[in-house]
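S.K.:
Chains as they are written, first to last, in the working numbering: chain A, 119 to 232; chain D, 41 to 152.
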């Protein structure tokens, strides 16, 4: 079974600074997808960014980018120019292209301080 | 488009009562999912469906049942509610071609 590990239960960053959230996963598959979801206090799950394993280029979405290291099975999220609205729980998720399910990590609570 | 909608938003049940959590999506997605999220934790998959008439168990199916009679609807049934089922329940869906899941706003359930 796949596992997803987020080793940082909590992190904090000052507004306008950069922060990196870690995620590692375990799989024997070669084709898969990775996601970062954000869950603000409203509880809504919001997709932040996605990465296909077959793509070597790291995905970026405005201030959000990933560092995907396939051999190391690592998928970290970098948030640049942090904003107060980035305060949320962030979940890393893994999905096999051959399967139907996503496996979620336990989450990292990020607090952006003014 | 409304996306994924869930009702009710909140519910308090007494031990032993039953209820159905409703989930509807208007994106014509084949795949639908039910998760539970306990306080401070990640999401655990309860049941999922890859199309109308097809359902399968996830990690934590005990105490729950589902049905998928239409593409749009995927209700989750709790029989004989227990305090351990106090949680926030999320429904999600995705299309055949895209692996990202779209989530509903959640239902907060308390069993006392």
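Backbone N, C-alpha and C fix where the C-beta goes; we use that ideal spot for every residue, glycine too.
Which residues mark the beginning and the end of the beta strand (DSSP E) in which residue 129 of chain A is found?
M.R.: Indexing the first chain from 1 puts residue 129 of chain A at position 11. Taken as a continuous stretch (DSSP letters only), the beta strand (DSSP E) holding residue 129 of chain A covers 128-132.
S.K.: Would you say residue 141 of chain D faces chain A, with C-beta separation under 8 Å as the test?
M.R.: To locate residue 141 of chain D, count along the second chain from 1; it is residue 101. Yes, residue 141 of chain D lies at the interface with chain A (some Cβ there is under 8 Å from its Cβ).
S.K.: Rounded to the nearest angstrom, how far is the Cβ of residue 129 of chain D from that of residue 218 of chain A, given a contact under 8 Å?
M.R.: Along the second chain, one-based indexing puts residue 129 of chain D at 89. Along the first chain, one-based indexing puts residue 218 of chain A at 100. With 8 Å as the limit, residue 129 of chain D and residue 218 of chain A do not qualify as a contact, their Cβ atoms being about 19 Å apart.
S.K.: With contact counted as at least three CB pairs below 8 Å, one residue from each stretch, are the segment 198-211 of chain A and the segment 105-122 of chain D in contact?
M.R.: Because the criterion of three Cβ pairs below 8 Å is not met, the segment 198-211 of chain A and the segment 105-122 of chain D do not touch.
S.K.: From A/135, A/140, A/174 and A/120, pick the residue whose C-alpha is nearest to that of residue 128 of chain A; which is it?
M.R.: Within the first chain, numbered from 1, the residue matching residue 128 of chain A stands at position 10. When only C-alpha atoms are compared, the closest one is A/140.
S.K.: At what residue ranges does the segment 76-140 of chain D contain a whole run of the beta strand (DSSP E), taking only runs of 3 or more?
M.R.: 83-91, 94-97, 104-106, 116-118 and 127-134
S.K.: At the level of alpha carbons, what is the spacing between residue 226 of chain A and residue 142 of chain A?
M.R.: In the first chain, counting from the first residue as 1, residue 226 of chain A sits at position 108. In the first chain, counting from the first residue as 1, residue 142 of chain A sits at position 24. Going from the Cα of residue 226 of chain A to the Cα of residue 142 of chain A covers about 13 Å.
S.K.: Can you name the residues of chain A whose CB is closer than 7 Å to the CB of residue 100 of chain D?
M.R.: For the purposes of this step, residue 100 of chain D is taken as the residue at position 60 of the second chain. Within 7 Å Cβ-Cβ: nothing; residue 100 of chain D doesn't reach chain A, min ~13 Å.
S.K.: Mapping DSSP to helix, strand and coil, what is residue 203 of chain A?
M.R.: Position 85 of the first chain, counted from the start, is the residue given in the question as residue 203 of chain A. Note: residue 203 of chain A maps to helix in three-state DSSP.
S.K.: Nearest to residue 139 of chain D by alpha carbon, out of A/223, A/167, A/186 and A/195?
M.R.: Translated into positions along the second chain, residue 139 of chain D becomes position 99. When each option's Cα is compared against that of residue 139 of chain D, the closest is A/167.
S.K.: Is it buried or exposed, residue 73 of chain D, if we count other Cβ atoms within 10 angstroms and call 16 or more buried?
M.R.: By one-based count along the second chain, residue 73 of chain D stands at place 33. So residue 73 of chain D counts as buried.
S.K.: For residue 49 of chain D, which three-state DSSP category applies?
M.R.: Position 9 of the second chain, counted from the first residue, corresponds to residue 49 of chain D. In this structure, residue 49 of chain D counts as coil in the three-state DSSP scheme.
S.K.: Tell me whether the segment 169-189 of chain A and the segment 48-60 of chain D touch, counting them as touching only if at least three CB pairs, one residue from each stretch, are closer than 8 Å.
M.R.: Because the criterion of three Cβ pairs below 8 Å is not met, the segment 169-189 of chain A and the segment 48-60 of chain D do not touch.
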